[in-house]
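Read in order, the letters of the sequence shown are residues 23 to 451 in this note's numbering.
Worksheet: the structure to be examined is printed underneath.
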Amino acid sequence: MNCGDVVQKCLDLGADDVVCSNVISRRKQIRFANNEITASKVWDSSTMRIFVAKDKKVVANSIRDINEMESAIERMMKYINVLEPKEEYYGIASGKYSYSELQEEGTTVQEEDVIESVFSIADQYRAAGVLYNHKSETEIATSTGLNSYDKGSAIEISVRMFADKQASGHSVSCARNLKDFKPDAACNEAREIATMALGPSAGKEGRYDILLSPLCMGNLIDHIAFQTSAFYVDSGLSFFKDKIGENVASDIVHLYDDGTRKDGLGSSRFDDEGVPTKNTPIIEGGILRTYLHNTSTAKKHGVETTANAGLVAPEPTNVVLREGDRSFEELLEELDNGLYITNNWYTRFQNYSNGDFSTIPRDGIFLVEGGEIRSPIKEIRISDNMQRLLMNITALGNESRHIHWWEAETPCFTPHVLMRDVNITRSRG
């Protein structure tokens, strides 16, 4: 059965709305640690994703076995009859759309050659990380007559270099094509940070001005972007609730969701409803302009979809923080005295609705004095409020990096970011 057949089968069984997509993908993974390959795997998959609505009752399923398709659909249609209506469901996209041209991308690469180069750059340092090479094809059909096809590719590496147990550096490179894939640059950056991080001392609590690397800011942007989803806003899990048209960040902050970027890992021709993707301003000049919507949440809020379906929850595609006008050296000079943080993890919210959170800097963390990087530190935590930090952004770098790894699940493009008056606590007693 193709997607059109699935849609018709569901309609014949009484469905009101149906969306079916079929994703065929091949994903290669090479993991490495201590300068040795520890795992090499390939996953080939074909997944049919089906969304059905009937009398405002909704159900979704993912099916991998084509032989189970008809019976799975019949079970879905039986199950939907016992569900309670979802009063805030307002339907799926309809209409006639034109789609962007299919992007021909290529990531044909000898993965083993990339890993060999990683180990060569590491030299006497220890290297650990993962390399992914991914290709996919997606077909979509809906009960409102939308049909389209897309394909994409991605290649990415996440690498940490260890000079010793307490001195490490981390970097990534990710791209849709080989032209933009720079694994050697990522390895050299990670190694340089590890070298600079040798001999760290325990950091001290206090309020600091901080400079965040793109890798670090990418993690925060991931959390910020998801809180602009109308689903999380309506669920009370967003500090952006009831703030459309209000100042939520520094006036130099311009944040976009752009599913159309030719170089973005999150780009596609259409969202999960078949709506052509868009470039959507989320924050302009510090003012919150919109939440991210699918058709249903958009109708609830009285606006148009931003083409960010997720059929259950609208999701970001590629999040773009617009560059500023400062070089890295100028940012350090403007920072004067503070901290330069190259990476972070374990970002957790203590209160989603007001933005209280904490995150742990890792790998290279450096004291900056007189505009120069002086000495490495360790064992600190950022414990602050996300919206307050957005308001305290005072300068942005003039070069963006494409960031995506397991602590930044949403692909993003971000420069270095300078923030003032950030609360730093100890991560150890």
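In this text, a Cβ means the ideal position worked out from N, Cα and C, and glycines have one as well.
Rounded to the nearest whole angstrom, the C-alpha separation of glutamate 394 and isoleucine 446 is 20 Å. For threonine 447, the uninterrupted beta strand (DSSP E) segment begins and ends at 439–448. Of the candidates Ser449, Ile425, Met441, the residue whose Cα lies closest to the Cα of arginine 384 is Ser449. Using a C-beta cut-off of 8 Å, the segment 218–230 makes no contact with the segment 414–430, since fewer than three inter-stretch Cβ pairs fall below that distance.
In the DSSP annotation of this structure, valine 152 is not part of any alpha helix (DSSP H); the continuous beta strand (DSSP E) holding it starts and ends at 148–164. When the beta-carbon positions are compared, leucine 237 and glutamate 295 stay at least 8 Å from each other. The DSSP-derived three-state label of histidine 192 is strand.
The C-alpha of tyrosine 147 lies about 32 Å from the C-alpha of serine 405.
Counting the other Cβ atoms within 10 Å of the Cβ of aspartate 279 gives 16 or more, which makes it buried. Shown here, aspartate 358 sits in coil according to DSSP, grouped into three states, outside any helix or strand.
Checking the DSSP bridge columns, you'll see leucine 233 partnered with Tyr362, Leu440.
Cβ neighbours of methionine 98 within its own chain (closer than 8 Å, five residues either side excluded): Cys32, Ile72, Val74, Val81, Asn83. Exclusion of the five residues before and after valine 64 leaves Lys50 as the residues of its chain whose Cβ lies within less than 6 Å of its Cβ.
For phenylalanine 379, the uninterrupted beta strand (DSSP E) run begins and ends at 378–383, by DSSP. One thing to note: leucine 234 has its Cβ no nearer than 8 Å to the Cβ of valine 104.
Listed in chain order, the non-local C-beta contacts of alanine 247 below 6 Å within the same chain comprise Pro338, Val341, Thr432, local neighbours out to five positions each way being set aside. Within the same chain, Gly419, His438 come within 7 Å of phenylalanine 350 by CB-CB distance, once the 5 residues on both sides are set aside.
8 Å or more divides the Cβ of isoleucine 243 from the Cβ of alanine 271. Between the segment 372–384 and the segment 252–261 there are three or more inter-stretch CB-CB distances shorter than 8 Å, so the stretches are counted as touching. Within the same chain, Cβ atoms closer than 8 Å to the Cβ of glutamine 372 are found at Asp378, Phe379, Ser380, the five residues on either side in sequence being excluded. Beta-bridge partners of aspartate 39 (DSSP): Ala75.
Of all C-beta pairs linking the segment 106–114 to the segment 176–196, fewer than three are shorter than 8 Å, placing the two stretches out of contact.
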